[in-house]
Every structure is written in structure tokens, then in C-alpha cells.
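In case it helps, mature numbering (1 follows the signal peptide of the UniProt record, and there is no 0) puts the sequence shown at residues -30 to -1, 1 to 179.
Report on the structure given below.
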Amino acid sequence: MPMLGHEMKLRWMVLVLFMLCSKWQQYATGERLVPCYFIFGDSLADNGNNNMLQTLAKVDYSPYGIDFPNGPSGRFCNGRTVVDIIAEILGFHKYITPFATANEADILDGVNYASGAAGIRDETGQELGGRISLNMQLKNHQKTLLNLIGMLGNESAPRHLSKCLYSVGMGNNDYLNNYFLPQYFPTSQEYTLDQYTQLLVEEYSQQLR
């Protein structure tokens, strides 16, 4: 489990460094590198979707956001998230809007679907209350795609989407808020750790297709 967490952090760092090194000149001049950015994930990327849910995994109050320009926003940190920083590097002039509050104008720039306590598995995090699992985030994305097709048309929408960036960061909660909580979930009795990891890999692979 520590190794998995380390690998995820390393991948985020590599992505950010790659963007900084390869496209810094365009960023410095204010040119946007991609037309839109779609974000799927958990509390590491959530920027307000859980504000609308009945859940213990909600952080729209102080001291969260003490270093963020507008104070508490639903981000699970004191300031910006990694995906906020990536959006800045990509040349966006505002952070990607959470799905919960996105309007038609917002979705042209992308949408943040991330939800604190969410996981690859639908039941993950249910002991905390409401959360938006990866499967539900993907369904929300389908709604966004239909809206984009309605706005741009059947020909222009696919061209627009083909240039967009997608980021997905999920899996921590499937251990922390599922497998390692036997008082709430039976998974640790049903699977060895290796079996459960393989199950997650297979399900994650299907979701990302």
C-alpha cells in the first residue's frame, strides 16, 4: 500500500515536470496548451463537489482554504490542489469548475468530477456518507458530453474533445475507506491483499477504457 501511494505521487510529479519543461514558453506567454481539462478523482482533486452532499467528507469550512484566495471552497487542503496547479501550467485563467456548479460556459473549459472519499468500487467510502464514485463520475462525464454535443454539434464536439486533457487519480480510498475497515466492509475477509489489488486493477482498467 505505501508503494502504491508513492507511485501515484510520483506520476503526478512527472506529469507536472513534463509540462513545465516542454511547454513553459507557451505558458509564460499566456497561451492555453489545451482547450479543456477533465478531472476525475478523490479528495486530492475535489474542489467543491462534496459541498452539495450529505457526508462527513466535506471541507467547506475553516481552517481548510486558509491560503486560498476566496477561503474555504471544498478543497481538502489549505490552498490549491495539484490539479489547480496543472490548470495554471496549462494556461487556464481560472480553475476548472466542479461538476456540481458547472454551467454551459464552464464545460467548454472542462469539468472537475472529483469527490472526496470516492473510490474505484461503488461502496468505497459509504461509511462517511455521500460521495461520487468513479463509476458515477464517468456517468456525469457522459452528461457533460451530451451537453457539449448540443452546444457544438456532432462534428465539432469530437474535435474539441480530442484536444482535451484528462487526469484520473483514484484508488487510495479503496484501501483506506474499504479494505482496511473490516468493521464496515467484508472485502478483507473475501480477498487477500494481493487478490483485492488485482480486482481493483481489473475494475480500474475497465473504467478507463
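Even glycine gets a Cβ: it sits at the ideal position worked out from N, Cα and C.
DSSP places Y174 within a helical segment (H, G or I) once states are collapsed to three. In terms of CA proximity to C47, D12 leads the group E58, T71, A57 and D12. Around the beta carbon of A88, 16 or more other beta carbons sit within 10 angstroms, so the residue counts as buried. I9 places its beta carbon less than 7 Å from that of V53. Shown here, T114 sits in a helix according to DSSP, grouped into three states. Under DSSP, L135 takes part in a beta bridge, and its partners are Y7.
About 5 Å separates the beta carbon of L104 from that of I90, a gap short enough to meet the 8 Å contact definition. The Cβ atoms of A57 and I66 sit closer than 7 Å to each other. With distances taken between CA atoms, V81 lies nearest to S137 out of S137, E97, R179 and G35. Of all alpha-carbon atoms in F38, L26 and E160, the one lying nearest the alpha-carbon of N17 is that of F38.
For the set S43, F62, G95 and H63, the Cα lying nearest the Cα of A70 is the one of S43. Bridge pairing for P68: N82 [DSSP].
Looking at G141, L151, Y31 and N73, the one whose alpha-carbon comes closest to that of A84 is G141. Looking only at P152, L131, Y174 and L151, the smallest Cα-Cα distance to V4 is reached by L131. Per DSSP, Q153 is not a residue of any alpha helix (DSSP H), being assigned neither H nor E.
From the listed residues I77, K113 and Q24, the smallest Cα separation to C6 is found for I77.
Nearest in C-alpha terms to Y34, of all of L116, T51 and P68, is T51. Listed in chain order, the non-local C-beta contacts of E173 below 8 Å within the same chain comprise I90 and R91, local neighbours out to five positions each way being set aside.
DSSP, reduced to helix, strand and coil, places T167 within a helical segment of the structure shown. Around H111, the same chain offers F8, F10, V81 and Y83 as residues with beta carbons nearer than 8 Å, after the five sequence neighbours per side are excluded. Excluding the 5 residues flanking it on each side, N117 has same chain C-beta neighbours closer than 8 Å at E74 and I77, in chain order.
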